[in-house]
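A short worksheet on the structure shown next.
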Amino acid sequence: MRLDKFISKATELSRKEAKKVLHSGDVTVNDTVVKDGSLHVDVLNDEVMWAGETLSVATGNRYILLHKPEGFECTLKPKEYPIVTELIAVPELTSLRIAGRLDVDTTGALILSDDGGWLHRVTSPKHLHAKVYELTLADPMDEAAQQKAIQKVAEGILLEGDTEPTKPATLEFIDATHARLILTEGKYHQVKRMMGYFGNKVEALHRASVGDVTLDGLEKGDSRFLTQEEVASF
Ligand code: URA
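Positions 413 to 646 (the working numbering) are the ones given, in order, by the sequence shown.
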């Protein structure tokens, strides 16, 4: 890879800014000052340093978990709201894709990667990866209504505008207005539409986990790379 490209990838500086850094004489490759951005570097074996720091670029795919806060949109081009990738500090953000979008007002586990085949495995209902949603309902549901809803969710619901019913899912009530819904698919606004089927409204929605990946200790707005085990679990 060209040295100026390498610096730009490793630091998020533009190619032009990387060239300026090179001209300042602050960059060494294997302990030799290099000012020529066209020099070819071996990304695995050459040691590139800038102002005393060793630079590195990701050589494989990236697999990222973000604890999405409310008020961010799961798109790649901002429309009304800031976008989720603004919260992630890795190079080449535009190559990331989202596995299972969340609504602007939904919080929780959001997985992003630049590995298309893997993303497909995360989202495809064929693979039955459970997504756990915690929800707060606008209207309390009594015991009888809860039992009916649990049964209907387990059977599948034909939602308005759809041709196929929802896949069998698990609904658990914590109390009259708080529930946990475990889905293995991701239809458009699925949780809100399913609760709408019961004449209710979702006031707050949080995705606690996707497959084996949980938010455990990850603060709202923070992100981390998935572990190798987590990547392999999909
Ligand atoms: N279902 C919804 O209705 N909204 C989400 O953000 C995720 C699942």
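Cβ coordinates follow ideal geometry from the N, Cα and C atoms, glycine included.
Nothing here was measured: the structure is a model prediction, and the numbers come from that model.
ask   = Mapping DSSP to helix, strand and coil, what is Ala591?
value = Collapsing the DSSP output to three states places Ala591 in a strand.
ask   = Ordered along the chain, which non-local residues of its own chain (more than five positions away) have a Cβ less than 8 Å from that of Ser645?
value = So the qualifying residues of the chain are Gly623, Asp624, Val625.
ask   = Is there at least one non-hydrogen atom of the ligand URA closer than 7 Å to the beta-carbon of Thr518?
value = Under cutoff, so the answer is yes.
inquiry  = Do Leu508 and Phe484 have their beta-carbon atoms positioned less than 8 Å apart in this structure?
reply    = Pairing Phe484 with Leu508 gives a Cβ-Cβ distance that is not under 8 Å.
message = Strictly by DSSP, which residues pair up with Gly529?
response = DSSP lists no partner for Gly529.
message = Given this structure, state the Cα-to-Cα distance separating Leu661 from Gln559, to the nearest angstrom.
response = Because residue 661 is not part of the residues shown, which for the chain are 413 to 646, the question remains open.
ask   = What separation, rounded to the nearest whole angstrom, lies between the Cα atoms of Gly528 and Ser536?
value = Gly528 and Ser536 have their C-alpha atoms spaced approximately 12 Å apart.
message = Among Thr596, Lys613, Phe637, whose alpha-carbon lies nearest the alpha-carbon of Arg619?
response = The shortest C-alpha separation from Arg619 is found at Thr596.
query = From His532 to Thr444, what does the alpha carbon distance come to, in whole angstroms?
reply = One alpha carbon belongs to His532, the other to Thr444, and they sit about 44 Å apart.
ask   = Since Lys543 is in the beta strand (DSSP E), which residue starts that stretch and which ends it?
value = Where Lys543 is concerned, the enclosing beta strand (DSSP E) stretches over 543-549.
ask   = DSSP beta-bridge partners for Glu584?
value = Paired residues: Arg592.
task = If I'm right that Ile419 touches Leu467 with Cβ under 8 Å, what's the distance once you round it to whole angstroms?
result = Indeed, because the Cβ distance is near 7 Å, the residues count as touching under 8 Å.
key: beta-carbon Lys632 near the ligand URA non-hydrogen atom, thresh 7 Å   = Distance from the C-beta of Lys632 to the nearest heavy atom of the ligand URA is not below 7 Å.
request  = Name the two residues that bound the continuous alpha helix (DSSP H) containing Val502.
outcome  = Premise fails: Val502 is in no alpha helix (DSSP H) and is neither H nor E.
inquiry  = Let me check you understand the geometry: is the CB of Gln602 closer than 7 Å to at least one non-hydrogen atom of the ligand URA?
reply    = Gln602 Cβ: within cutoff of the ligand URA.
Thr443 Cβ short of 7 Å to the ligand URA heavy atom set = Checking the displayed sequence, the identity of residue 443 turns out to be Asp instead of Thr. For the ligand URA, not one heavy atom lies less than 7 Å from the Cβ of Asp443.
message = Can you confirm whether the segment 600-619 touches the segment 569-587 when touching is taken to mean that 3 or more C-beta pairs between the two stretches lie within less than 8 Å?
response = Counting C-beta pairs with one atom in each stretch, the segment 569-587 and the segment 600-619 have three or more that are closer than 8 Å, which means they touch.
request  = Could you name the residues that DSSP lists as bridge partners for Leu627?
outcome  = In the DSSP assignment, no residue is bridged to Leu627.
query = Near Leu630, what residues of its chain come up, given a Cβ to Cβ distance below 8 Å and the 5 sequence neighbours on each side ignored?
reply = Leu477, His479, Arg636, listed in sequence order.
query = Does the pairing of the segment 537-547 with the segment 573-592 give three or more beta-carbon distances under 8 Å?
reply = Yes, the segment 537-547 is in contact with the segment 573-592.
inquiry  = Measuring only the C-alpha atoms, how far is Ala588 from Glu615?
reply    = Taking the straight line from one Cα to the other gives about 13 Å.
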